[in-house]
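S.K.: One structure follows; several queries about it will come next.
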Amino acid sequence: MEPKIKNNLVEVKFGSKSKNLEIIHNPVPHILIDSKKEIHGWWNSAKDKGNRACTSERLLINPYNGCSWNCFFCYANTLWGYFELFRKENIVSVFKDFDQTVDKQLESLLCASCGYISPTTDPFQPVNNKYHLTEKIMRIFLKYDLPVEIITKGVITDDAIEIMAEHPYNYSFGQVSILTLDDELRKKLILGKGASTNQLFKNIERLANSNIHAVCRIDPIIPYINDKINDIKEIIDVAINAGANHIGLSILDIPIFIKNEVFNHLALIKGENIIEKYRKLYIERITSDLHSNIKYRKNILKQIKKYCVQNKISMSTCMEFEIIKKDGKIFYESLNSNNQFMTSDNCEGINVPIFTRKQNSDKFKPVNCKGNCLNCKIDPIPCKIPPLQEARNWKLKDYKNWSKFIKQKEFKDLTKFIY
């Protein structure tokens, strides 16, 4: 998509089709999109040589494309469509009335998983203060007794915390991304404004005070920038004191498509010499990303795991893989597997099960399971939906198709709440 701007209109083109849309400038440049896009599961599958590391199922929801925090290292900078519009013109795309679309899609299901707002854009960026799509969608999930998780580098709104706290089974939760205790360094890493370091820890405290599971994500750890072990330990200490229940970690991976941009920005922070250091460190390619040397990654994760165990807080990695060569074939093994660097059942330190209902007029109820579909080997499967054990990249149509399992005469009510 090559956007063209004229007379306050931006032309967006997809293949042979194009649209001219008005640019709205308050609070940030953005456009309104009419879309019937579908909620869906993870992008990667655990099958067919896929590299899915996410243990639990999620329904991924992006009410906005483009993110005003503008993190230079974000993988969304490689995405096409409306993400490309933001990358080139700094224009956020807002999916008008997307909460109503989500409502209709959830209404059609008998099986659902936790909503995830948002995997590619911050749900509390400035444009949300105008349209409040994040909170509207959260309320739609609550309407069906379904949980949601949010992840942010911004300030969580009071309304969002209230909605999460209202979930009848207490499965909604929040993740707060904190890169450093040094707020001046944070400003160099987050090109948009974002929340201050103090505000981010306050997010965790507010979640904890509302009895909501709170995750501190040190994500990403950037080599030679925020990777000093003592600094990471200090973040963990402050997070624990604020009420965090779990620590999530990842080490910067670099999409090849934006490699030079990432290197150039790092040079602005640390000087030109860092580029050569990165070329020597980032020697492993996994799909379309460069990863740092596995020894470097394991050394950091080993020390942090030990510290988390000592401080009685669970931890896990996010999208960290090791290249395994066996019988002439290449595999990508998650560093969470076999309890290498994950001390919880699920990536976020909370066991959120699958939710089902017998008919569309019912509220959803949690299945008697830990929600760890990636590693589920239980026979018979608690949810009575065998495909879920395959941990694939599910679409909305898959969730709809699973209704046939629930409608079977032998389907029993397995929603007894045990946690």
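For the sequence shown, UniProt numbering assigns the number 1 to the initial residue and increments by one for each residue that follows. Positions of the beta carbon are idealized from the N, C-alpha and C atoms, including for glycine. Bear in mind the structure is a predicted one, so any value in this text is a computation, not a measurement.
Spatial neighbours of D289 within its chain, please: CB distance less than 6 Å, with the 5 preceding and 5 following residues excluded, ordered by chain position.
M.R.: Only D253 and P255 meet the Cβ criterion.
S.K.: Do you know offhand how far T415's Cα is from R357's?
M.R.: At T415 the pLDDT is 45, less than 50, meaning the model places this residue with poor confidence; the figure from the coordinates comes in the next sentence. Answer to the nearest angstrom: the Cα atoms are 9 Å apart.
S.K.: Assuming P147 contacts V352 (C-beta within less than 8 Å), just tell me the rounded distance between them.
M.R.: At roughly 6 Å, the Cβ-Cβ gap stays under 8 Å, so P147 and V352 are in contact.
S.K.: Give the range of the beta strand (DSSP E) segment to which M315 is assigned.
M.R.: Counting along the chain, the beta strand (DSSP E) containing M315 begins and ends at S314 to T317.
S.K.: Could you compute how far the alpha carbon of W42 sits from the alpha carbon of I354?
M.R.: Approximately 15 Å, taken between the alpha carbons.
S.K.: Could you check if H25 is buried or exposed, using at least 16 other CB atoms within 10 Å of its CB as the buried criterion?
M.R.: So H25 counts as exposed.
S.K.: Between G14 and G81, what straight-line distance do the alpha-carbon atoms span, to the nearest angstrom?
M.R.: Looking at the sequence provided, one finds Phe at residue 14 rather than Gly. Straight-line Cα distance between these residues: approximately 7 Å.
S.K.: As a quick exercise: from F321, Q310, M315 and V309, pick the residue whose alpha carbon is nearest that of Y296.
M.R.: If we check each option's Cα against that of Y296, F321 comes out closest.
S.K.: Can you grab the Cα-Cα spacing for the pair L133 / I324, in whole Å?
M.R.: Rounded to whole angstroms, L133 to I324 spans 42 Å at the Cα level.
S.K.: I need the boundaries of the alpha helix (DSSP H) containing residue 420, first residue and last residue.
M.R.: Shown here, the chain extends from 1 to 419; a query on residue 420 therefore has no answer.
S.K.: Specify the secondary structure class of I204 as computed by DSSP and reduced to three states.
M.R.: Three-state DSSP puts I204 in a helix.
S.K.: Does the segment 171 to 186 touch the segment 206 to 221, meaning 3 or more C-beta pairs lie closer than 8 Å?
M.R.: Contact between the segment 206 to 221 and the segment 171 to 186 is present, because at least three Cβ pairs lie under 8 Å.
S.K.: Buried or exposed: where does Q100 fall if 16 or more other Cβ atoms within 10 Å of its Cβ makes it buried?
M.R.: Label assigned to Q100: exposed.
S.K.: Would the beta-carbon of I140 fall within 8 Å of that of D97?
M.R.: The answer is no: Cβ separation not under 8 Å.
S.K.: Does the beta-carbon distance from I156 to N203 come in below 8 Å?
M.R.: Yes, the Cβ-Cβ distance between I156 and N203 is below 8 Å.
S.K.: Can you check the segment 218 to 264 for any beta strand (DSSP E) of at least 3 residues that lies completely inside it and give the ranges in chain order?
M.R.: Entirely contained in the segment 218 to 264, the beta strand (DSSP E) runs reaching 3 residues are, in chain order, 246 to 251.
S.K.: Report buried or exposed for D219, applying the criterion of at least 16 other Cβ atoms within 10 angstroms of its Cβ.
M.R.: Counting Cβ neighbours within 10 Å, D219 comes out buried, since at least 16 surround it.
S.K.: Would the C-beta of Y282 count as close to the ligand MG, meaning under 7 Å from any of its heavy atoms?
M.R.: What this structure holds is no ligand at all, so the ligand MG is not there to describe.
S.K.: Near R186, which residues of its chain fall below 8 Å by C-beta distance, leaving aside the five closest residues on each side in sequence?
M.R.: Counting only Cβ-Cβ distances below 8 Å, and skipping sequence neighbours, we find L179, T180, G194, S196 and T197.
S.K.: Tell me whether A267 sits in a helix, a strand or coil according to DSSP, three-state version.
M.R.: The answer is helix: DSSP assigns A267 an H, G or I state.
S.K.: Note the first and the last residue of the continuous alpha helix (DSSP H) segment covering Q303.
M.R.: Start and end: I294 to Q310.
S.K.: Between M342, L85 and K233, which lies nearest to N311 when the distance is taken from Cα to Cα?
M.R.: It is K233 whose Cα lies nearest to the Cα of N311.
S.K.: In angstroms with no decimal places, state the Cα-to-Cα distance between M319 and K6.
M.R.: Going from the Cα of M319 to the Cα of K6 covers about 41 Å.
S.K.: Roughly how many angstroms lie between the CA atoms of S361 and N8, to the nearest whole one?
M.R.: The alpha-carbon atoms of S361 and N8 are separated by roughly 46 Å.
S.K.: So, under 8 Å CB-CB, A53 and N336 are touching, yes? Tell me the CB distance rounded to an integer number of Å.
M.R.: Going by Cβ atoms, the distance from A53 to N336 rounds to 6 Å, so yes, they are a contact pair.
S.K.: Helix, strand or coil for V127 per DSSP?
M.R.: Of the three classes helix, strand and coil, the one that applies to V127 here is coil, per DSSP.
S.K.: My guess is that Y116 and I61 are in contact by the Cβ rule of under 8 Å, so how many angstroms apart are they, rounded?
M.R.: Y116 to I61, Cβ: 6 Å. Contact.
S.K.: Look up I406 in the DSSP assignment and say whether it is helix, strand or coil.
M.R.: Note: I406 maps to helix in three-state DSSP.
S.K.: Decide if K280 is buried, meaning its Cβ has at least 16 other Cβ atoms within 10 Å, or exposed.
M.R.: With fewer than 16 Cβ atoms within 10 Å of its Cβ, K280 is classed as exposed.
S.K.: What three-state label does DSSP hand F14 in the structure shown?
M.R.: Three-state result, F14: strand.
S.K.: So what's L59 in DSSP terms, helix, strand or just coil?
M.R.: Strand at L59.
S.K.: If I'm right that V127 touches S68 with Cβ under 8 Å, what's the distance once you round it to whole angstroms?
M.R.: So it is a contact: roughly 7 Å between Cβ atoms.
S.K.: Along the chain, where does the beta strand (DSSP E) containing L374 start, and where does it finish?
M.R.: Element bounds for L374: n/a, residue is neither H nor E.
S.K.: Look at N65 and S108 and say whether their C-beta atoms are less than 8 Å apart.
M.R.: The answer is no: Cβ separation not under 8 Å.
S.K.: Leaving out five residues before and five after I274 in sequence, what residues of the same chain have Cβ atoms less than 7 Å from its Cβ?
M.R.: Answer for I274: Y224, L266 and A267, listed in chain order.
S.K.: Say whether chain B places a C-beta atom closer than 8 Å to the C-beta of A267.
M.R.: Within the model displayed, chain B is absent; a lone protein chain is all it includes.
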